[in-house]
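Undergrad:
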Amino acid sequence: MVSLPAMNDLHSAFGQALGLVADGDATLGNIVLLSLRVSLTAVALAALVGLPLGALLAVARFPGRGGVVVALNALMGLPPVVAGLLIYLLLSRSGPLGPLGLLFTPTAMVIAQALLIAPILAALARQVLEAMWEEYAEQLRSFGAGPWRAVPTLLWDGRFALLTVLLAGFGRASAEVGAVMIVGGNIEGFTRVMTTAIALETSKGDLPLALALGMVLMAIVLTVNALAQGLRDIAARQAG
Amino acid sequence: MRAPEAILPLRAEGLGFSADGVAILKGIGLTIEAGRPTLVIGPNGAGKSVLLRLLHRLLPPTTGHVTWDGPAADPRRHQAMVFQRPVLLRRSVLANLRYPLALAGLDRAEQDRRAAEALALVGLAPLADRPARKLSGGEQQRLALARAAALRPEVLFLDEPCASLDPAATRAVEETLQALAARGTKLVMATHDLAQARRLAGDVAFLHRGRLLEHAPAARFFAAPATAEAAAFLRGELLW
Amino acid sequence: MFRRLILAAALALATPAFAQERSITVASTTSTEQSGLFGHILPIFTRETGIAVRVVALGTGQALDVGRRGDADVVFVHDRVAEQRFVREGHGLERQHVMFNDFVIVGPEADPAGIAGSRDTAAALKRIAESRAPFISRGDRSGTHAAELRLWQQAGVDPASGRGVWYREIGQGMGPTLNTAAAQGAYAMTDRGTWLSFRNRQGLRIVVEGDARLFNQYGVMLVNPARHAHVKREDGQRFIDWIVSPAGQAAIAGYKINGEQLFFPNAAQAEPGA
Ligand SMILES: Nc1ncnc2c1ncn2[C@@H]1O[C@H](COP(=O)(O)OP(=O)(O)OP(=O)(O)O)[C@@H](O)[C@H]1O
Ligand SMILES: [Mg+2]
């Protein structure tokens, strides 16, 4: 009684997912594009801050560093809803950044996702680069490069490992719904992305459609990962 | 050519180094003059690598100090070091050569000139665009040597630069070292290859269990070692 | 190679971000959005005026909060008491009637409280409480939640006494509430619009409808520009004027699911004094 409809739903979701893609549905296309744009921009923004921060933490030794590392690792678990609320209160017209008028816009979603994933990028980058720094430290000091100069060197030499870090950030960004729902408002045609569309269809009770959208999202994330991996392999073969 | 800003002689006085309360080097007094290579020999774990690091200022001494002659503000700019385990950047062979040259403030043309010269010096010219870390162990060691030599240091520290080279490469590297020495570069080199030490050394520093047991002109040292340990070591009978 | 890729990616992302257009933001309720009403009427308005309407769909309480913070230009909700307070406190300008729909009580096929077919909400709710049949409440300060609490009061039942046993508050929107009721074979109160477009009914069906107490009035108001200078007064007012105009009212009346009209325009009826 319970399992039969569920099987049917799964079946129909799969068919619907294929149908959505095959139709090249314009609304879906726009939602997909916005999702990609928001999450990729958020990753780029977070990388700009998070990767150098992670590299700096990998090379710098200062009192309280251990505390910073622990805090950063803990921030990886920042609930999206909390990140969303924080940005909501900042960007609300009644908040400190209200005059910018960014609430309920894609820009707000980018900021919230960037806040969410910057600690992830920083923490993972620190881990990856610290191992590399252990190997490089003496040689770079012999060349007269201090920790500051080591940061760009490590970022560049760690580029292939860092790509995986970026993909982890992208995965988290494109999968989260709490933050973009709150600061974007899930406005149709303007701030609706894959995850908020899935949440909407779920609450409308159209579970097969929600599941179908979920499958499309997974396919997109898979494609982005495959592309990145492919490029990485090509570049790695050239540069080592 | 580089005499006016010479940093030699180098003096170590009462030099000691402990790690975690364990004394690794004790009371080293040593003067290194310009001229033919100084060879540092001694059994495994005697402290050769640590001594080179102290002299190159990669490690802060626990006791005593290292002083350099001359007015040069930063004596490290006149030194380079080739490590026992070569540390190559995750870049092409050419980029590895350029990196320290760029750090030293040389312009691009000069970097290219010196890199090409250094590649020819160690016979790696055909591999210029290969990923450095995919080279064989011996090729990596030769690249590390070329990279240090390209800096044209006044003092070049070498920590067993021929450890994983085949006989032909060993001879080639030795010739390179002879050429560098002839050009006026002071070599300070740790090695386990006694035959090589005999061929290269101007003077010999013999370390045993963290103490400098002898520092003598090579001819005298090899002909008539002053300590029983050195004599045993030369006979191949001294264990750590 | 890698360097060029990074550069290309940076350029692609830096291109002029998200297109700007003439638009207003309307804080409204999940019921209006999810029933599909906005999807039907807003394109008509935009075609006539060139003003895009961005709807943020929340519970009525949250939607009023968004208005209070100045994060929307117009509030379009259904909780008359709360709306009147909103205006009285100076957060919004004049409130106007727009339309009404009605609530229904839905329940499982088995109907353990035996209320199917009833038109007396108070009696039906009393039966549910007496039989301790599970009831899913929004519990989210929404207009529907507020209406539900008023109905319990009229029935003389304090549902809090059954909290966690048969009275289950989930703190979510209408859709999740119906999903939960369907999964647990429970009763729930919903607006008819959401019910009609709700797909995951499983055994759920309407058990109580047609009681005058189930009518649900929607109101619209402009966020007070004196409080929030950035409020798009002109375009927001234009939307309000349109939705209470004959054209807007006709658009509302024209929205049907399976031939069934969901919302009944009644802007002509003056707002009764508070
Ligand atoms: N940072 C350190 N912390 C603790 N112990 C160290 C450290 N560096 C070196 N040692 C110890 O000091 C001793 C001397 O090490 P060193 O590397 O100088 O030996 P070596 O003479 O170069 O030997 P080999 O011929 O094997 O290269 C060894 O016992 C080593 O384990
Ligand atoms: Mg050693």
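Residue numbers (the numbering used here), protein chains in the order written: chain L, 7 to 246; chain Z, 1299 to 1538; chain W, 765 to 1038.
Quick reminder that beta carbons are idealized off the backbone N, C-alpha and C, glycines included.
It should be emphasised that the depicted structure is a prediction, and the values quoted were computed from it without experimental measurement.
1. Check the Cβ-Cβ distances between L:I193 and every residue of chain W, and say whether any is below 7 Å.
2. Counting only C-beta atoms, is L:G72 closer than 7 Å to chain Z at any point?
3. Measuring CB to CB, does L:L127 end up less than 7 Å from L:P86?
4. According to DSSP, which residues form a beta bridge with Z:Q1377?
5. Could you work out which residue in L:F110, L:I188, L:I226, L:L213 is closest to L:M200 when comparing CA atoms only?
6. Report the residues of the stretch 785-802 of chain W with a CB closer than 7 Å to any CB of chain L, ordered along the chain.
7. What does Z:W1366 pair with, by DSSP beta-bridge criteria?
8. Along chain L, which residues have their Cβ under 9 Å away from the Cβ of Z:R1379?
9. Here's a check: name, in chain order, each residue in its chain whose Cβ is nearer than 8 Å to the Cβ of W:R927, leaving out the five neighbours to either side.
10. Return the chain-ordered list of same chain residues with a C-beta closer than 7 Å to the C-beta of W:E873, the five sequence neighbours on each side being excluded.
11. I want to verify the contact list: residues of chain A whose CB lies under 8 Å from the CB of Z:L1387, in sequence order.
12. Going by the CB atoms, is the gap between W:D866 and W:L978 shorter than 7 Å?
13. Please go through the same chain and pick out, in chain order, the residues whose beta-carbon is closer than 8 Å to the beta-carbon of L:L10, but skip the five residues on each side of it.
14. With a cut-off of 7 Å, does the C-beta of L:F110 fall near any C-beta of chain W?
15. So does Z:K1484 have its beta carbon nearer than 6 Å to some heavy atom of ligand 4?
16. I need the DSSP call for W:N980, collapsed to helix, strand or coil.
17. Taking DSSP as the reference, what is the three-state secondary structure of W:Y951?
18. Chain L partners of W:L942, CB-CB under 8 Å?
19. Could you tell me the alpha carbon to alpha carbon distance between L:R99 and L:P58, rounded to whole angstroms?
20. Please tell me whether, using a cut-off of 6 Å, the distance from the CB of Z:G1534 to the nearest non-hydrogen atom of ligand 1 is below it.
21. Under 8 Å, with one C-beta from each stretch per pair, do the stretch 206-217 of chain L and the stretch 1337-1344 of chain Z reach the 3-pair mark?
22. Hey, would you say Z:L1401 sits closer than 7 Å to L:F149, going by beta carbons?
23. Applying the criterion that 16 or more other CB atoms from any shown protein chain within 10 Å of the CB defines a buried residue, is W:A990 buried or exposed?
24. Which residue wins for smallest C-alpha separation from W:A827, given the options W:T954, W:A816, W:V839, W:S925?
25. Could you give the residue range of the alpha helix (DSSP H) that holds Z:Y1397?
26. Relative to ligand 1, what is the chain-ordered list of residues with a Cβ closer than 5 Å to any of its non-hydrogen atoms?
27. According to DSSP, is W:Y931 part of a helix, a strand, or is it coil?
28. Tell me whether L:Q145 counts as near ligand 2, meaning its Cβ is closer than 6 Å to at least one heavy atom of that ligand.
29. Taking 7 Å as the threshold (beta carbon to beta carbon), is Z:L1356 in contact with chain L?
30. Reducing DSSP to helix, strand and coil, say where Z:T1336 ends up.
31. Rounded C-beta distance between Z:A1442 and Z:L1386? I'm assuming under 8 Å.
32. From the beta carbon of W:V987, is the nearest beta carbon of chain L less than 7 Å away?
33. If we define contact as Cβ-Cβ less than 7 Å, is Z:L1478 a contact residue for chain L?
34. Decide if L:I240 is buried, meaning its Cβ has at least 16 other Cβ atoms within 10 Å, or exposed.
35. Give a yes or no on whether 7 Å exceeds the smallest Cβ distance from L:S100 to chain W.
36. Could you tell me the distance, in whole angstroms, from the CA atom of L:V116 to the CA atom of L:A174?
TA: So, from the data block:
1. yes
2. no
3. no
4. Z:V1453
5. Of all alpha-carbon atoms in L:F110, L:I188, L:I226, L:L213, the one lying nearest the alpha-carbon of L:M200 is that of L:I226.
6. T789, Q798
7. Z:L1308
8. The amino acid at residue 1379 of chain Z is misidentified as Arg; the sequence shows Met. In chain order: E144, Q145, S148.
9. E933
10. G967, R969
11. In summary, chain A is missing from the structure at hand, where the protein chains are L, Z and W.
12. The answer is yes: Cβ separation under 7 Å.
13. At L:L10 the pLDDT is 49, less than 50, meaning the model places this residue with poor confidence; the figure from the coordinates comes in the next sentence. Contacts found: none.
14. Yes - at least one Cβ of chain W is within 7 Å of the one on L:F110.
15. The ligand content of the structure shown is limited to ligand 1 and ligand 2, which means ligand 4 is not among them.
16. In this structure, W:N980 counts as strand in the three-state DSSP scheme.
17. In the structure shown, W:Y951 sits in a strand (DSSP, three-state: E or B).
18. G211
19. 32 Å
20. Checking the Cβ of Z:G1534 against ligand 1 gives no.
21. Under the Cβ criterion (8 Å, minimum of three pairs), the stretch 206-217 of chain L does not count as touching the stretch 1337-1344 of chain Z.
22. Their beta carbons are under 7 Å apart, which means Z:L1401 touches L:F149 by this criterion.
23. Burial call: exposed.
24. W:V839
25. 1391-1401
26. Spelled out in chain order, the answer is Z:A1317, Z:I1322, Z:N1342, Z:G1343, Z:A1344, Z:G1345, Z:K1346, Z:S1347, Z:V1348.
27. strand
28. L:Q145 Cβ: outside cutoff for every heavy atom of ligand 2.
29. Chain L, which has a Cβ nearer than 7 Å to the Cβ of Z:L1356, makes this yes.
30. Three-state DSSP puts Z:T1336 in a strand.
31. 7 Å
32. no
33. no
34. exposed
35. yes
36. 16 Å
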